[in-house]
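Below is one structure, written out as structure tokens, with a few remarks after it.
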Amino acid sequence: MKFDLVIAGVGGQGNILATQVIAQCAIDAGLNVANTETKGAAQRGGSVTSHLRISDETIFSPLVPHGQADILLGLEPLEAFRHIALLSSNGKYIINTAPVPTILSNIKIDTYPSQEQLLADIQQRNLTGYFINATQEAKNIGDALLVNVVMLGAFSKVSNIVGDNVLLAKLLSLVDERYHQADKLAFECGRRLIRLEG
Amino acid sequence: MQAKFMFGNEAIARGAFEAGVKVVAGYPGTPATEIVDHCASFPGIYAEWSSNEKHAFEVAGGACLTNQRAMAVMKHNGTNAAADYLMHINFTGVKAGLVLISADDPGGLSSQCEEDTRILIHTYAHLPMFDPANVQEAYQMTKLAFDLSEKTELVFAIRPVMRINHAGGMVECQGSITAGKPPEFVPDRSRFVMSAVVEKEYGGELRPKMRHRWLNNKQAELKAIMEESPFNWIDSSEGDIGFVGCGIGYAFLKEAEKIYGQSLPIMKLGTLPIPEKKTLEFLKGLKKVVIFEEIEPVVERLVKQLCFENKISLDILGRESFLPKEGELSTNLVLTAVQAVFAGKDYPAPAQGKYIPARTRTQCGGCSHRGLLFAMKEVVRKNGGVVTGDIGCHDAGTFEPMKLQATIYCMGSSIPMAYGIQKAGFDKPVYALIGDSTFFHNGLTGLASAIFNKANITVVIGYNSTTAMTGFQPHAASTNNLMSKDVKPINPGELAAAMGAKVFWCNPYNVEDTIRVITEATQEEGVKVVVAEALCYLKFGREGKISYQPVPVAVDIDVCNGCGICIRTFGCPAITLVADKARIDESACNKCGVCIHVCKRGAIK
């Protein structure tokens, strides 16, 4: 068995924590885990991409090869698009639709693609998955910083690599107790946002 | 022992600890930085951030002559800075084991340049190296390198790449810890004095030539060691096209083999020198071999040389002749190469990708550098001056929208380049912008050179009390080091004054004052140093120490005319234009208030 995950986002969205939670669950289950992060100066506006590979066999490279990811968890739509080629044709994307403009788009040197354009580009590739507005849901719960937890909840509904209770328990074990209530709400909300077909 | 998940840098530190390392010195640089931090957390290890990599290597050198195992840690640019010492300690050899970690960054993901330090360390300095294929090997190689260094009396180097240092994987540790020996310094001038001394017992030969011969004679011993090394092996399979994976190249090769779906004849190499007999054994019967290694064709050329010397004829493909010559390897690159070579085709020319809007780096919201960059921009906008830049967080001031510094080269180059521009006859003011950590790394000597040579430049030091770019390591102007919380900082301004520079002070959060001070400094003759002193917001803000009075900032939309100057020339990530009016995102704003000075209409209050 092998499971390849790519989490793409921007600095401050909690990408690293989300990766850690899933990785720890896999390690606890006795599986092999390899991962690497590309942090383009995260706290200074850059992209953050995590590659997480889980297998019961030897994992040679920490990087997920193109077309091999089972899940692409996009915490930000442009960053998800940047890494869409990593997703397997049988894989699933879960993409937060709330954009974080780039510095260059703010000063009109670049144009941040419209949401319709981004979503159309992604759908054109014959890939399947889910678009959810995790940022809005996180704000509704009370804190935009909960976006990674909403996305983890959604992930737990789409993938059964780790049981949802195990995942939530691991998350709670890694964060301060005063955030537990909000985290539980955000996680549940993420699960609700995924409406499985069929 | 059960496997534990750890990152490459932690695995290297663990290997060094188990090998009984006693002294670890480095200078921060991605991707190697965390090795020193991890070492500092182990009992019995003295760890330090030296002022630069050359000094780190020299500290480790001194320790190893005192019979203590030592390690020097740096990234590739740092190994360049340490090259002078490298080209001496290779000839003297070592006493206790000395390991050099020289981390490369294929693709230049977090670097100013893409380079392969195997050339510097192996081809140039003739020293042995290990090139790990995964995190487990990074641990094992580090541990073994100390023993081999002691056995051969040579520095052993490890060249991990980004995907090793910053990759996590399962590591099985042996757990046994090598006991150290008591410190002892016994002078051996015949070895440890590198000078043009006449060697009586060598027929009057000069020492540099004699030590060169010693190093050359060591190569046979190294080759024999590598022949038996656990880091080189052959994965046999049918076929007359073979593949060699060096270091992480092996990892990508094995992944590609899985996707290709057919077992391939593969040789895994992790050492320099290469095991020549084993390589010849692998090449036997092959018509073609493809070599995958990170960055330069180092192994490829060694294999070509080996085949030439042994009169073996086969096609040897790699970075020199077949694969892309630049950039990072990947599973897909290797897979493409495997498919092309079986089809008898060239490696396909990479298609130009479609540009996806980039996320460029900038200063954090609340960063003291933004005020400084903006003030300098105002000054040079009026006087047509040029700003040479240096390495650090402030270097993002070269990007849009600030576009201030005209040059970025290597650590400390801002000051000599600035006065080179002035001496060449440029008739407008020249400024060098440098951070405090970089100033102590390699700026001091440049400043001395400028003062001594009667330059007429303004040096601006961004004094934020930390090495912010790499994750807040302390330096000579900090109040702590890795071993002590009580350190008297060396004030860069007082130091510059003692050297004879005219020194000015400002707080960069006060933009108007900073403009006034830099303008005033510009008007003076000679070498002027402006010290822009304010704590790094990101580091010290968490500790409740900031160098500004926090003010709530808001845009008066009745006054704002949407000119966008605050965005187009200032570029704070907390300001965006919404419905043709500037808007400050409260969750991103750290209330430094610098933008208040930027809006000429007074719309930001």
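Read top to bottom, the protein sequences are chains L and H. Taking full-length UniProt numbering, I'd label the letters of the first sequence as residues 1 to 198. Taking full-length UniProt numbering, I'd label the letters of the second sequence as residues 1 to 605. Glycine included, every Cβ here is placed at the ideal spot set by N, Cα and C. Since the structure is predicted, the reported quantities are computational estimates derived from the model, not experimental observations.
Tell me the rounded alpha-carbon separation between residue i and residue j.
{"i": "residue 635(H)", "j": "F91(H)", "result": "Because chain H is modelled from 1 through 605, residue 635(H) falls outside the range shown and cannot be assessed."}
{"i": "K605(H)", "j": "M499(H)", "result": "42 Å"}
{"i": "V135(H)", "j": "G602(H)", "result": "55 Å"}
{"i": "Y509(H)", "j": "V553(H)", "result": "14 Å"}
{"i": "Y139(H)", "j": "E137(L)", "result": "43 Å"}
{"i": "A125(H)", "j": "M87(H)", "result": "6 Å"}
{"i": "N491(H)", "j": "A144(L)", "result": "41 Å"}
{"i": "G44(H)", "j": "K22(H)", "result": "7 Å"}
{"i": "G198(L)", "j": "L168(L)", "result": "Unreliable positioning characterises G198(L) in this predicted model, as indicated by a pLDDT of 37, which lies under 50. The coordinate reading is nonetheless provided below. The alpha-carbon atoms of G198(L) and L168(L) are separated by roughly 26 Å."}
{"i": "I316(H)", "j": "L264(H)", "result": "16 Å"}
{"i": "E524(H)", "j": "F426(H)", "result": "17 Å"}
{"i": "F399(H)", "j": "T360(H)", "result": "8 Å"}
{"i": "A26(L)", "j": "R211(H)", "result": "53 Å"}
{"i": "G78(H)", "j": "P550(H)", "result": "38 Å"}
{"i": "V161(H)", "j": "I119(H)", "result": "15 Å"}
{"i": "A450(H)", "j": "I415(H)", "result": "7 Å"}
{"i": "F252(H)", "j": "G61(H)", "result": "35 Å"}
{"i": "Y179(L)", "j": "L172(L)", "result": "8 Å"}
{"i": "I35(H)", "j": "F322(H)", "result": "35 Å"}
{"i": "R568(H)", "j": "L17(L)", "result": "33 Å"}
{"i": "Q262(H)", "j": "S237(H)", "result": "10 Å"}
{"i": "F292(H)", "j": "I274(H)", "result": "14 Å"}
What is the residue span of the alpha helix (DSSP H) that residue i lies within?
{"i": "V341(H)", "result": "T331 to F342"}
{"i": "C246(H)", "result": "From DSSP, C246(H) is part of no alpha helix (DSSP H) but of the beta strand (DSSP E) over I241 to C246."}
{"i": "Y139(H)", "result": "V135 to T152"}
{"i": "E79(L)", "result": "P77 to R82"}
{"i": "T576(H)", "result": "Note, T576(H): premise wrong, no alpha helix (DSSP H); beta strand (DSSP E) at I575 to V578."}
{"i": "M417(H)", "result": "S414 to K423"}
{"i": "M87(H)", "result": "A83 to T92"}
Which residue or residues does DSSP assign as beta-bridge partners of residue i?
{"i": "H51(L)", "result": "V6(L) and T36(L)"}
{"i": "T467(H)", "result": "Q473(H)"}
{"i": "F440(H)", "result": "F440(H) is not bridged to any residue."}
{"i": "F130(H)", "result": "I158(H) and T271(H)"}
{"i": "A532(H)", "result": "G462(H) and C506(H)"}
{"i": "W214(H)", "result": "Paired residues: none, contrary to the question."}
{"i": "Y112(L)", "result": "Answer is none; Y112(L) lacks a bridge partner."}
{"i": "K581(H)", "result": "V578(H)"}
{"i": "A154(L)", "result": "Looking at the DSSP assignment, A154(L) forms no beta bridge with any residue, so it has no partner."}
Candidates the options: which alpha carbon is nearest residue i's?
{"i": "L52(L)", "options": "D4(L), P99(L) and H83(L)", "result": "D4(L)"}
{"i": "G12(L)", "options": "N148(L), N32(L), F60(L) and S173(L)", "result": "N148(L)"}
{"i": "T58(L)", "options": "S111(H), T30(H), G93(H) and A3(H)", "result": "A3(H)"}
{"i": "T470(H)", "options": "A157(H), K377(H), K75(H) and F243(H)", "result": "K75(H)"}
{"i": "T522(H)", "options": "K485(H), A455(H) and G544(H)", "result": "A455(H)"}
{"i": "G593(H)", "options": "A579(H), K581(H), A574(H) and V578(H)", "result": "A574(H)"}
{"i": "I248(H)", "options": "G8(H), A582(H) and D513(H)", "result": "G8(H)"}
{"i": "V338(H)", "options": "E328(H), I274(H), I312(H) and A256(H)", "result": "A256(H)"}
{"i": "V21(L)", "options": "N90(L), T97(L) and I54(L)", "result": "I54(L)"}
{"i": "H146(H)", "options": "K95(H), W214(H) and I164(H)", "result": "Note that residue 146(H) is Phe in the sequence shown here, rather than His. Selected option, being the one with the closest Cα: K95(H)."}
{"i": "Y419(H)", "options": "G203(H), H369(H), V24(H) and G526(H)", "result": "G526(H)"}
{"i": "residue 608(H)", "options": "T30(H), G20(H) and V299(H)", "result": "Only positions 1 to 605 of chain H appear in this structure, which leaves residue 608(H) out of reach."}
{"i": "R375(H)", "options": "G344(H), G389(H), F292(H) and T519(H)", "result": "First, the amino acid is wrong: residue 375(H) is Ala here, not Arg. The option with the nearest alpha carbon to A375(H) is T519(H)."}
{"i": "S50(L)", "options": "E188(L), L73(L), P65(L) and V6(L)", "result": "V6(L)"}
I need the boundaries of the beta strand (DSSP E) containing residue i, first residue and last residue.
{"i": "G190(L)", "result": "That residue, G190(L), is in no beta strand (DSSP E); its alpha helix (DSSP H) goes H180 to L193."}
{"i": "N52(H)", "result": "Looking at the DSSP string, N52(H) is not in any beta strand (DSSP E), and its letter there is neither H nor E."}
{"i": "L431(H)", "result": "A quick correction: the sequence has Tyr, not Leu, at residue 431(H). Taken as a continuous stretch (DSSP letters only), the beta strand (DSSP E) holding Y431(H) covers V430 to G435."}
{"i": "L98(H)", "result": "L98 to A103"}
{"i": "S89(L)", "result": "L87 to N96"}
{"i": "A70(L)", "result": "The residue you asked about is not Ala; residue 70(L) is Asp in the sequence shown. Per DSSP, D70(L) belongs to the beta strand (DSSP E) from A69 to G74."}
Open item on the list: Residues of the segment 148–176 of chain L in Cβ contact with chain H at a cutoff of 7 Å, in chain order, please.
Closed with: none
Task: Where the segment 378–411 of chain H meets chain L: residues whose CB sits under 9 Å from a CB there - done: C393, A396, F399, E400 and P401
- [ ] Determine which residues of the segment 2–21 of chain L have a Cβ less than 7 Å from any Cβ of chain H, and write them out in chain order.
- [x] V10
- [ ] Below 7 Å between beta carbons is the criterion; list the residues of the segment 249–273 of chain H that meet it against any residue of chain L, in chain order.
- [x] A251, F252, K254, E255 and I259
- [ ] Could you run through the segment 158–187 of chain H and flag, in chain order, every residue whose CB is less than 9 Å away from some CB of chain C?
- [x] No chain C appears in this structure, whose protein chains are L and H.
- [ ] Quick one: which residues of the segment 104–124 of chain H get their C-beta closer than 9 Å to a C-beta of chain L? List them in chain order.
- [x] L109 and S110
- [ ] Output, in sequence order along the chain, the residues in the segment 70–81 of chain L whose CB is closer than 9 Å to any CB in chain H.
- [x] L78, E79 and F81
Task: chain H contacts made by the segment 106–133 of chain L, where a contact means CB separation under 9 Å - done: N106, I107, K108, I109, D110, T111, Y112 and P113
Open item on the list: Output needed in chain order: residues of the segment 357–369 of chain H with a Cβ under 8 Å from some Cβ in chain L.
Closed with: P357, A358, R359, T360, R361, T362, Q363 and C364
Open item on the list: What are the residues in the UniProt domain "4Fe-4S ferredoxin-type" (551–573) of chain H lying within 8 Å of chain L by C-beta distance?
Closed with: G564, I567, R568, G571 and P573
Task: Short-range partners of chain L found in the segment 324–335 of chain H, where Cβ spacing is below 8 Å - done: S330, T331, N332 and L335
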